[in-house]
């Protein structure tokens, strides 16, 4: 499901949200804007409930749980209804849980060595994080030459201006970021503007 969704729209809003009602409305706004995938970070007390609410609001929206740091996080994310899993990095204790996970996983890597190790562990798709701080487009282009078989979802410091350059790389399947998430409009409950901002971001990479 997630890879089909990323093919149709390769930008992934990375969302930190705590209000369950807002989350449900946000899911509708994204879907109506043509956004087919979103990542909810587990950085707020109600993040898991927000995932469940978004999935209930728009079942077709492909939802990932981000900031997965432990096996418990992973179990809770799956129970909440997540469609895929994203981690900022991978520890020796988290790795076995990720390997046994039945959902698609984008484990985090910051270096070519980490990416190759994850590939050797069975992960063909890797989150490159933090992307801009680790060399951005130039780094991924360089990594792609000797390791074209590893596919990346770069996240961290990417905006609407830089996203197309990432997506032009053959080893990038999607980019994550928050530039298409209109936080001010969400705070004002202006869902029409939330949808408009997301739709503009979607159109910019078409």
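Numbering (the numbering used here), first residue to last: 25 to 230. Where is the CB? At the ideal position from N, CA and C, for every residue including glycine. In this text, all values refer to a predicted model and were calculated from it rather than measured experimentally.
Outcome for residue i when other beta-carbon atoms lying within 10 angstroms are tallied against a minimum of 16
i, result
"residue 107", "buried"
"residue 88", "buried"
"residue 32", "exposed"
"residue 28", "exposed"
"residue 163", "buried"
"residue 128", "buried"
Boundaries of the beta strand (DSSP E) in which residue i is found, first to last residue
i, result
"residue 141", "Element bounds for residue 141: not the beta strand (DSSP E) but the alpha helix (DSSP H), 136-144."
"residue 58", "No beta strand (DSSP E) contains residue 58, which DSSP labels as neither H nor E."
"residue 176", "175-178"
"residue 36", "35-39"
"residue 199", "199-201"
Beta-carbon proximity list for residue i, same chain, < 8 angstroms, skipping 5 on both sides
i, result
"residue 153", "112, 113, 132, 133, 134, 178, 179, 180"
"residue 101", "66, 72, 75, 89, 92, 109"
"residue 84", "55, 60"
Cβ neighbours of residue i in the same chain (closer than 6 angstroms, five flanking residues each side left out)
i, result
"residue 95", "121"
"residue 41", "47, 74"
Chain B contact for residue i (CB, 7 angstroms cutoff)
i, result
"residue 86", "Chain labels in this structure do not include chain B; a single protein chain is all it has."
Heavy atom of the ligand SAM within 6 angstroms of residue i beta-carbon
i, result
"residue 204", "The model depicted lacks the ligand SAM and carries no ligand whatsoever."
Continuous alpha helix (DSSP H) stretch holding residue i: start and end
i, result
"residue 221", "215-228"
"residue 102", "95-104"
"residue 108", "Looking at the DSSP string, residue 108 is not in any alpha helix (DSSP H); the run it does join, the beta strand (DSSP E), is 108-110."
"residue 121", "118-124"
For residue i, the three-state DSSP class (helix, strand or coil)
i, result
"residue 78", "helix"
"residue 208", "helix"
"residue 156", "helix"
"residue 27", "helix"
"residue 187", "helix"
"residue 181", "coil"
"residue 89", "strand"
"residue 84", "coil"
"residue 71", "helix"
Own chain partners of residue i with C-beta closer than 7 angstroms, once the 5 adjacent residues on each side are dropped
i, result
"residue 155", "178, 179, 180, 181, 182"
"residue 56", "219"
"residue 166", "none"
"residue 205", "37, 39"
"residue 4", "This structure cannot settle anything about residue 4, because the visible part of the chain is limited to 25 through 230."
"residue 191", "34, 199, 229"
*How do the segment 183-202 and the segment 139-147 stand: do at least 3 beta-carbon pairs fall below 8 angstroms, yes or no?*
No, they do not touch.
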